[in-house]
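K.L.:
According to numbering that gives the first Met the number 0, the sequence shown is numbered sequentially starting from 0.
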Amino acid sequence: MRLAQLVANSHRLLLSSRCHPRLPPCRNFHPSLARRHGDITRPEPGTGIKLHFRDSKGQLLKTVEANEGDDVLSIAHEHDIDLEGACEGSVACSTCHVILSPEHYDLLPEPEDDENDMLDMAFGLSDTSRLGCQVKLTRELNEMTATLPAATRNMFVDGESILLCIPYLMQWLFEAGKKPTHH
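1. Quick one: Cα of D54 to Cα of F122, how far?
2. Can you give me the Cβ contacts of E139 inside the same chain, cut-off strictly under 6 Å, excluding the 5 residues immediately before and after it?
3. How is E142 classed by DSSP in three states: helix, strand or coil?
4. For E77 and G68, I'd like the C-alpha separation in whole angstroms.
5. Please classify L12: does DSSP put it in a helix, a strand, or coil?
6. Over what stretch of residues does the beta strand (DSSP E) that includes A65 continue unbroken?
7. If you count every other CB in all the chains shown that lies within 10 Å of the CB of E102, and 16 or more means buried, which is it?
8. For V63 and K49, I'd like the C-alpha separation in whole angstroms.
9. Looking at Y104: is its Cβ nearer than 7 Å to the Cβ of T137?
10. For N141 and L99, what's the separation of their Cα atoms in angstroms?
11. Buried or exposed: which applies to A65, given that a residue is buried once 16 or more other Cβ atoms fall within 10 Å of its Cβ?
12. Using the C-alpha atoms, what's the distance from S93 back to V134?
13. Who are the Cβ neighbours of C95 in its own chain at under 7 Å, not counting the five residues just before and after it?
14. Can you name the start and end residues of the beta strand (DSSP E) that H76 belongs to?
15. How is L118 classed by DSSP in three states: helix, strand or coil?
16. Considering only heavy atoms of the ligand FAD, does any lie closer than 6 Å to the CB of Q58?
17. Take the Cβ of G47 as the centre, count every other Cβ of all protein chains shown within 10 Å, and call the residue buried at 16 or more, exposed below.
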């Protein structure tokens, strides 16, 4: 096998969920701590601000209630909505990117420059995209919809996944480079 073919095949392996069919799956590594339930206080039923979470296809995932001042990322974690938030709300990634309902987006203050910088890297960016960690609920946002994009981009986590696959990749490259011997 030529070196160019080995490199091309290794690239495909790194993008797959398994490094090689005969090897164990690569361990996915997420450096962010799992949010602890209890970071926010759930309101009494019927007294909170309603927030609807939808998947990328528009299907309703869950409608929840939260308190004024809670951010969308913390609310999602509290209610087991799959919104990553790798940087834990420090505006250092775009993994908590959500697409908001237009009528509610216009009620929010303009995003700061650092949020706009991170949004530039978000997958599926739209005119009403925001980082969930930066959207604080107010009473005016009652009945807002936050749609999760089809994917996220997280260079640090993705980079770590690749690093953890390297031993498997090296073994595969070594085996692929061996020539069969015939006796």
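C-beta: ideal position from N, C-alpha, C; glycine also. On a predicted model such as this, the values are computed, not experimentally measured, just so you know.
P.N.:
Working from what's here:
1. Locating residue 54 in the sequence shown gives position 55, where the first residue counts as 1. Locating residue 122 in the sequence shown gives position 123, where the first residue counts as 1. Whole-angstrom Cα-Cα distance: 14 Å.
2. For the purposes of this step, residue 139 is taken as the residue at position 140 of the sequence shown. Cβ-Cβ distances below 6 Å link E139 to L106 in the same chain, with the five nearest sequence neighbours on each side left out; the list follows chain order.
3. Here residue 142 refers to the residue found at position 143 when the sequence shown is read from its first residue. In the structure shown, E142 sits in coil (DSSP, three-state: anything other than H, G, I, E or B).
4. On the sequence shown, position 78 is the one that residue 77 refers to. On the sequence shown, position 69 is the one that residue 68 refers to. Taking the straight line joining both Cα atoms gives about 14 Å.
5. Locating residue 12 in the sequence shown gives position 13, where the first residue counts as 1. Low local confidence applies: a pLDDT of 42 at L12 is under 50, so the model's placement there is unreliable, with the coordinate-based value given in what follows. In the three-state scheme derived from DSSP, where H, G and I count as helix and E and B as strand, L12 is classed as helix.
6. One-based indexing of the sequence shown puts residue 65 at position 66. From DSSP, the beta strand (DSSP E) with A65 extends over L59 to A65.
7. Position 103 of the sequence shown, counting from 1, holds the residue named residue 102. Note on E102: under 16 other CB atoms within 10 angstroms of its CB, so exposed under the neighbour-count rule.
8. The residue given as residue 63 occupies position 64 in the sequence shown. The residue given as residue 49 occupies position 50 in the sequence shown. Rounded to whole angstroms, V63 to K49 spans 6 Å at the Cα level.
9. Translated into positions along the sequence shown, residue 104 becomes position 105. Translated into positions along the sequence shown, residue 137 becomes position 138. Cβ atoms of Y104 and T137: not closer than 7 Å.
10. For this step, residue 141 is matched to residue 142 along the sequence shown. For this step, residue 99 is matched to residue 100 along the sequence shown. Taking C-alpha positions only, N141 is separated from L99 by approximately 12 Å.
11. The residue given as residue 65 occupies position 66 in the sequence shown. Per the 10 Å Cβ criterion, buried.
12. Reading the sequence shown from its first residue, position 135 is the one you call residue 134. Reading the sequence shown from its first residue, position 94 is the one you call residue 93. In this model, V134 and S93 are separated by some 13 Å (Cα to Cα).
13. Numbered from its first residue, the sequence shown carries residue 95 at position 96. So the list reads L72, L82, E83, G84, L130, G131 and C132, once near-sequence residues are dropped.
14. In the sequence shown, counting from the first residue as 1, residue 76 sits at position 77. H76 -> not in any beta strand (DSSP E); alpha helix (DSSP H) instead, spanning V71 to E77.
15. Within the sequence shown, the letter at position 119 stands for residue 118. Under the three-state reduction of DSSP, L118 is assigned to helix.
16. In the structure on display, the ligand FAD does not appear, and there are no ligands present to speak of.
17. Translated into the one-based positions of the sequence shown, residue 47 becomes position 48. Taking every protein chain shown into account, the CB of G47 has 16 or more other CB atoms within 10 angstroms, so this residue is buried.
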